[in-house]
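Under the numbering used here, the sequence shown is numbered contiguously, ending at residue 180.
Glycine included, every Cβ here is placed at the ideal spot set by N, Cα and C.
Have a look at the structure below, then the notes.
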Amino acid sequence: MFFVPLLLADETANSYLRTDNDLQDNDIQNFMGVKKAILEKWMVAQKKHRLSDKHVQMGRELGLNPDKLGKIDNHKQETWKAPLPQFIEEIYYKRFKREVPETIKPLKQIMAEQEKKKKEQKKAKEERRKLRDENTDASIENVTD
36 MFFVPLLLAD ETANSYLRTD NDLQDNDIQN FMGVKKAILE KWMVAQKKHR
86 LSDKHVQMGR ELGLNPDKLG KIDNHKQETW KAPLPQFIEE IYYKRFKREV
136 PETIKPLKQI MAEQEKKKKE QKKAKEERRK LRDENTDASI ENVTD
């Protein structure tokens, strides 16, 4: 069974398709919200599984899902499993051939940098808006003269 959308007289099939050009400001803001939510999930996982900043950084670089770390961190019931920090170190070494990441940043520092960057971007946007408004006012005055 197929679902075929009913089209009104003024609609076309292409009106249902979305292109990359249709991205709006709120889509970009939603992406930033997702980034922040992921960092918050890592903060919760860090507390829950007692991970250091180094292990969190390794897990993020490996692309681990912070929600699924409980499955991996089950070495008490499944004795053949390594403890989570040791497991992360092993797979990090297999993947990147180094013991530790080049730079280790705490999650709080990353979130603070994001907030600072967001404030700077907002300030720059305000300045551009003021400059644009001044230029349009000046051009209107030139036209009326």
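| query | result |
| --- | --- |
| Among the candidates Val135, Ile145, Asn177, whose CA atom is the shortest distance from the CA of Leu97? | Val135 |
| I need the straight-line Cα distance from Asp172 to Lys158, nearest angstrom please. | 21 Å |
| Which first and last residues belong to the alpha helix (DSSP H) in which Glu96 is found? | 88-97 |
| Along the chain, where does the alpha helix (DSSP H) that runs through Pro120 open and close? | 119-131 |
| Is DSSP giving Thr171 helix, strand or coil here? | helix |
| By the 10 Å Cβ neighbour count, where 16 or more other Cβ atoms means buried, how is Trp115 classified, buried or exposed? | exposed |
| Quick one: is Gln81 buried, meaning 16 or more other Cβ sit within 10 Å of its Cβ, or exposed? | buried |
| Keeping to the same chain, check which residues put their C-beta closer than 6 Å to that of Lys70; ignore five residues upstream and five downstream. | none |
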